[in-house]
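The next block holds one structure in the form of C-alpha cells; read it before the comments.
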Amino acid sequence: QQQVKQSPQSLIVQKGGISIINCAYENTAFDYFPWYQQFPGKGPALLIAIRPDVSEKKEGRFTISFNKSAKQFSLHIMDSQPGDSATYFCAASMEETSGSRLTFGEGTQLTVNP
Amino acid sequence: EAGVVQSPRYKIIEKKQPVAFWCNPISGHNTLYWYLQNLGQGPELLIRYENEEAVDDSQLPKDRFSAERLKGVDSTLKIQPAELGDSAVYLCASSLDVWGNEQFFGPGTRLTVL
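Going line by line, the protein sequences match chains D and A.
Going by the working numbering, the first sequence opens with residue 1, and the numbers climb by one from there.
Going by the working numbering, the second sequence opens with residue 115, and the numbers climb by one from there.
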C-alpha cells in the first residue's frame, strides 16, 4: 500500500542549480512530514521536517514547501553542491495509539554535477 | 555521541539457512525500529519496540522472522529459514520515545541470500 508517492525517481542538476523533489500523500491524518538523506552504505539521516500548520520551512539551503489542500510537499535544494549527491526520501507519519510510524516514499537519486 | 551500531555489516548465506542481525541503539533511546530496505526503495517498517515491548509488529512476517529486545536495550532480528527474496538491507533505528519523530538510523546490514 503506497501512501506516499515521490518523484522524480532520479534527478541530475548542475552545481549551483536548484534541485526540486516532490511528494504526494493520501492519508489526511498524516501530521509530520520529514525528508531524509541517504548516502551509499549509510543509513538515512533526517534533513528537515515540517508539520501541516505551516506552509514553508527553511533551513540553510534546504526548504520544504507544503500544500495541505493538494496533499503535496516538496524539497528544494538551493545552490546544489556535488556533496548533495545522495538519495532523498520523503516520509509521513501520524500519531497512533501506539505512537508514530513513518511511511517512506520510494526515493530520489540526486546527482549534482560539478 | 555514538550512533546506532549494527552488525554484521554484510552477510551472505545460502537459502534455507538462518541469519541474525544485531542492533545497539543510541544510549537513552527507548524506541527501537527494524526496517527492511529493498534496492531502490524506501525503508519499510518491520517492527517497533518501546523499551522491551513490541508495540507494532504488524508488518513482520512472523512465519520466518522473529525479533527480541531483551532488557530494552539492544535487539536481535532473526530470519529462519532465509529465502532468496529476503536479500535486502536491514536497517535499525532508534528514537528517544515512541512519540519522538526524529529517528536515527544505523548503517544497516546488507543480506545476500544465494
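Using N, Cα and C, we set each Cβ at its ideal position, and we do this for glycine too.
Predicted, not measured: the structure shown is a model, and the values here were computed from it.
Within chain D, partners of residue i - CB distance below 7 Å
i               : result
Q194 of chain A : Per Cβ cutoff of 7 Å: no residues; Q194 of chain A is ~25 Å from chain D at best.
G220 of chain A : G43
Cβ pair residue i, residue j closer than 8 Å
i               : j               : result
W148 of chain A : A181 of chain A : yes
P221 of chain A : Q120 of chain A : yes
L196 of chain D : L110 of chain D : Shown here, chain D extends from 1 to 114; a query on residue 196 of chain D therefore has no answer.
C90 of chain D  : Q37 of chain D  : no
S74 of chain D  : I18 of chain D  : no
F179 of chain A : L160 of chain A : yes
D170 of chain A : R101 of chain D : yes
A196 of chain A : I126 of chain A : no
S80 of chain D  : K15 of chain D  : yes
N107 of chain A : Y32 of chain D  : Residue 107 of chain A falls outside the range modelled here, since chain A spans only 115 to 228, and no answer is possible.
Rounded Cβ spacing between residue i and residue j (contact assumed at less than 8 Å)
i               : j               : result
N144 of chain A : D188 of chain A : Their Cβ separation, rounded to whole angstroms, is 13 Å, which puts N144 of chain A and D188 of chain A out of contact at 8 Å.
I193 of chain A : V133 of chain A : 5 Å
V4 of chain D   : T103 of chain D : 5 Å
P157 of chain A : L146 of chain A : In fact, because the Cβ distance is near 14 Å, the residues do not count as touching under 8 Å.
F30 of chain D  : M94 of chain D  : 5 Å
Q155 of chain A : G41 of chain D  : The pair is not a contact, with the Cβ atoms about 16 Å apart (cut-off 8 Å).
P122 of chain A : T223 of chain A : 6 Å
CA nearest to the CA of residue i, picked from the options
i               : options                        : result
R183 of chain A : A:G142, A:I126, A:Y163         : A:Y163
G228 of chain A : A:K176, A:K130, A:E216, A:G156 : At residue 228 of chain A the sequence reads Leu, which differs from the Gly that was named. Selected option, being the one with the closest Cα: A:K130.
F66 of chain D  : D:E59, D:S93, D:P52, D:I77     : D:P52
K249 of chain A : A:E167, A:G154, A:L191         : An answer regarding residue 249 of chain A cannot be provided, because it is not within the stretch 115 to 228 covered by chain A.
Y124 of chain A : A:N215, A:V203, A:W213, A:F219 : A:V203
K57 of chain D  : D:P44, D:N113, D:P34           : D:P34
T63 of chain D  : D:A49, D:K71, D:G43, D:S69     : D:A49
G83 of chain D  : D:Y32, D:T28, D:F39, D:Y25     : D:F39
N27 of chain D  : D:G41, D:A92, D:N113, D:V54    : D:A92
I200 of chain A : A:F219, A:W213, A:T226         : In the sequence under discussion, the amino acid at residue 200 of chain A is Asp, which differs from the Ile named in the question. Here the closest residue by C-alpha is A:T226.
S85 of chain D  : D:P114, D:G43, D:V54, D:S55    : D:P114
F218 of chain A : D:G43, D:E59, D:S55, D:Q9      : D:G43
Contacts that residue i makes with chain D (C-beta to C-beta distance below 8 Å)
i               : result
L205 of chain A : G43, P44
E197 of chain A : Under the 8 Å cutoff, chain D gives no residues; its nearest Cβ is about 22 Å from E197 of chain A.
Contacts of residue i in chain A (Cβ-Cβ under 9 Å)
i               : result
G107 of chain D : G154, Q155, G156
S65 of chain D  : What S65 of chain D touches in chain A: nothing, since even the nearest Cβ is about 19 Å away.
Partners in chain A for residue i, counting only beta-carbon separations shorter than 8 Å
i               : result
E95 of chain D  : W213
L110 of chain D : Here the premise fails: no neighbours, minimum Cβ distance about 14 Å.
S69 of chain D  : By Cβ distance, chain A contributes nothing, its closest Cβ being about 23 Å from S69 of chain D, past 8 Å.
Chain A residues whose Cβ lies nearer than 7 Å to that of residue i
i              : result
F73 of chain D : Correct list: empty, because the minimum Cβ distance to chain A is about 15 Å.
R61 of chain D : Simply none; closest approach about 20 Å.
L11 of chain D : What L11 of chain D touches in chain A: nothing, since even the nearest Cβ is about 14 Å away.
S7 of chain D  : Correct list: empty, because the minimum Cβ distance to chain A is about 13 Å.
Which residues, in chain order, does the stretch 40 to 51 of chain D contribute to contact with chain A at a C-beta distance below 9 Å? Cβ contacts with chain A come from G41, K42, G43, P44, A45, L46, A49.
Within 8 Å of chain D by C-beta, residues of the stretch 164 to 183 of chain A in sequence order: Listed by position along the chain: E164, V169, D170.
Beta carbons nearer than 9 Å to chain A: which residues of the stretch 18 to 38 of chain D have them? Correct list: Y32, P34, Y36, Q38.
Along the stretch 124 to 158 of chain A, where does the CB come closer than 9 Å to a CB of chain D? Name the residues. Residues T145, Y147, Y149, Q151, G154, Q155, G156, P157, E158.
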